[in-house]
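Working notes for the structure below.
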Amino acid sequence: SIEVEADAPEDLKSRAPIVTVMGHVDHGKTSLLDYVRQANVIAGESGGITQHIGAYGVTLEGGQRITFLDTPGHEAFTAMRARGAQVTDIAVIVIAADDAIMPQTKEAISHAQAAGVPIVFAINKVDRPTANPEKIKDSLAQMNLLVEDWGGKIQSHDISAKTGQGVKELLEKVLLEAELLELKSNPDKRANGTVVEAFLDKGRGYVSTILVQGGTLKIGDYVLAGTNSGKVKAMQDERGNSVKEAGPATPISILGLDGAPQAGDKFHVLEDEREAKQIATKRSQLQREQSVRTQRH
Ligand code: GDP
443 SIEVEADAPE
453 DLKSRAPIVT
463 VMGHVDHGKT
473 SLLDYVRQAN
483 VIAGESGGIT
493 QHIGAYGVTL
503 EGGQRITFLD
513 TPGHEAFTAM
523 RARGAQVTDI
533 AVIVIAADDA
543 IMPQTKEAIS
553 HAQAAGVPIV
563 FAINKVDRPT
573 ANPEKIKDSL
583 AQMNLLVEDW
593 GGKIQSHDIS
603 AKTGQGVKEL
613 LEKVLLEAEL
623 LELKSNPDKR
633 ANGTVVEAFL
643 DKGRGYVSTI
653 LVQGGTLKIG
663 DYVLAGTNSG
673 KVKAMQDERG
683 NSVKEAGPAT
693 PISILGLDGA
703 PQAGDKFHVL
713 EDEREAKQIA
723 TKRSQLQREQ
733 SVRTQRH
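Be aware that the sequence shown starts at 443, since it is given in full-length UniProt numbering, and climbs by one per residue.
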């Protein structure tokens, strides 16, 4: 694996929190992500979010940013964790207030706890006449998860992903949680981060969405991502704008890799194109040998 040099404390700058939305099926994860995306909440950003690139960033009125992983559900979260990727800073767990704590709610809670990621509960669908958010908080309390209204420490907010009620306040609570984490990263070095998704586009070739976690990615950089490599030819943000560079906690779509790396693969910028290619080739060789061995057993 590639070593990333340790950063000197004075090189660290605050960065946006990276948030994953989890919860039981039909409790409103997609609706919440869509609402936040469309509400474009949010001062001074040119154009709405038009591209589904697997992650997007929003800016709140106070200028603070939040980056959302735009693949709802804990499959993506666990797939990334299985590949050793620590991407999420905060888990928003959506619970429908007209339902109950369901199996996937419990799973989402255990995944977040196992990863040591703080939880913010979004008690959703409060616009429905049958909604009973207090019942949900009671059930959480019985699982030893005391939310703030109930005298505990866990942030939670009643929302409607349909009308947008409470969503702004939910995001403010996410930011509060983020402040406690004091998230920092060094933007002034070669970039590294994690692949969010990648696919082959008929006209454009391989398109990879990556989340820059350290350093700044620039056009012309030589990237190694899993078993793929290539030179960054173009970069696009979630608004479809071409950009020249992307710093920490920025999701960005890049063109120029020679294949589609897997979600959760780490990426690094290397000084030398040949070195990137060599490591990528060696890794795919190893992977092929590995799969031949598993087939024989
Ligand atoms: P997911 O499976 O968790 O991604 O859930 P969806 O976002 O697909 O939502 C499931 C259903 O609940 C859809 O029909 C949504 O329109 C509906 N829904 C989601 N949030 C709300 C809400 O806040 N209020 C109401 N009334 N319906 C909602």
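All C-beta atoms in this analysis are idealised placements derived from N, C-alpha and C, irrespective of residue type, glycine included.
Task: Ranges of the beta strand (DSSP E) found wholly within the segment 489 to 572, counting only runs of at least 3 - done: 497 to 501, 507 to 511, 532 to 538 and 561 to 566
- [ ] On the DSSP bridge assignment, give the partners of Val711 in chain order.
- [x] Within the sequence shown, residue 711 is the residue found at index 269, counting from 1. Paired residue(s): Val665.
- [ ] Could you please give the first and the last residue of the uninterrupted beta strand (DSSP E) stretch that includes Val609?
- [x] Here residue 609 corresponds to residue number 167 of the sequence shown, with the count starting at 1. Run containing Val609: none in the beta strand (DSSP E); it sits in the alpha helix (DSSP H), Val609 to Leu623.
Task: Whether Pro703 touches Ala667 by CB criterion (9 Å) - done: In the sequence shown, the residue the question calls residue 703 occupies position 261. In the sequence shown, the residue the question calls residue 667 occupies position 225. It is a contact, given that the beta carbons lie within the stated cut-off.
Open item on the list: Once the 5 residues before and after Thr472 are set aside, which same chain residues still bring their CB inside 7 Å of it?
Closed with: As a first step, residue 472 must be located in the sequence shown, where it is residue number 30. Excluding positions up to five away in sequence, the list reads Pro514.
Task: the segment 568 to 575 in contact with the segment 548 to 557 per 3-pair CB rule at 8 Å - done: no
- [ ] Please find out if some non-hydrogen atom of the ligand GDP comes closer than 8 Å to the beta-carbon of Ile601.
- [x] Position 159 of the sequence shown, counted from the start, is the residue given in the question as residue 601. Under cutoff, so the answer is yes.
TODO: Answer yes or no: do Gly682 and Gly698 have a C-beta to C-beta separation smaller than 9 Å?
DONE: Against the sequence shown, residue 682 aligns to sequence position 240. Against the sequence shown, residue 698 aligns to sequence position 256. No, these two residues do not count as a Cβ contact at 9 Å.
Open item on the list: In the DSSP output, which residue or residues are listed as bridge partners for Ala481?
Closed with: Here residue 481 refers to the residue found at position 39 of the sequence shown. Per DSSP, none; premise fails for Ala481.
TODO: Evaluate contact between the segment 634 to 650 and the segment 714 to 721, counting only Cβ atoms and requiring at least three cross-stretch pairs below 8 Å.
DONE: no
Task: Beta carbon of Ala620 nearer than 9 Å to that of Ile535 - done: For this step, residue 620 is matched to residue 178 along the sequence shown. For this step, residue 535 is matched to residue 93 along the sequence shown. No, they are not a contact pair.
Task: Proximity below 9 Å, CB of residue 397 to CB of Gly593 - done: For residue 397 there is no data in the structure shown, the boundaries of the chain being 443 and 739.
- [ ] Tell me, please, whether the segment 452 to 463 touches the segment 503 to 511 by the rule of three or more beta-carbon pairs shorter than 8 Å.
- [x] yes
Open item on the list: Tell me which residues share the same chain as Ala485 and place their Cβ nearer than 6 Å to its Cβ, disregarding the 5 neighbours each side in the sequence.
Closed with: Along the sequence shown, one-based indexing puts residue 485 at 43. With a pLDDT of 48 at Ala485, under the threshold of 50, the modelled position of that residue is not reliable, and the figure given next carries that caveat. These residues qualify, in order along the chain: Glu503.
TODO: Give a single yes or no on whether Ser473 has its beta carbon closer than 8 Å to a heavy atom of the ligand GDP.
DONE: Locating residue 473 in the sequence shown gives position 31, where the first residue counts as 1. Under cutoff, so the answer is yes.
Open item on the list: Is it buried or exposed, Asn670, if we count other Cβ atoms within 10 angstroms and call 16 or more buried?
Closed with: Walking along the sequence shown from the start, residue 670 turns up at place 228. Counting Cβ neighbours within 10 Å, Asn670 comes out buried, since at least 16 surround it.
Task: Per-residue DSSP class, three states only, for Ala702 - done: In the sequence shown, the residue the question calls residue 702 occupies position 260. It is coil, neither helix nor strand.
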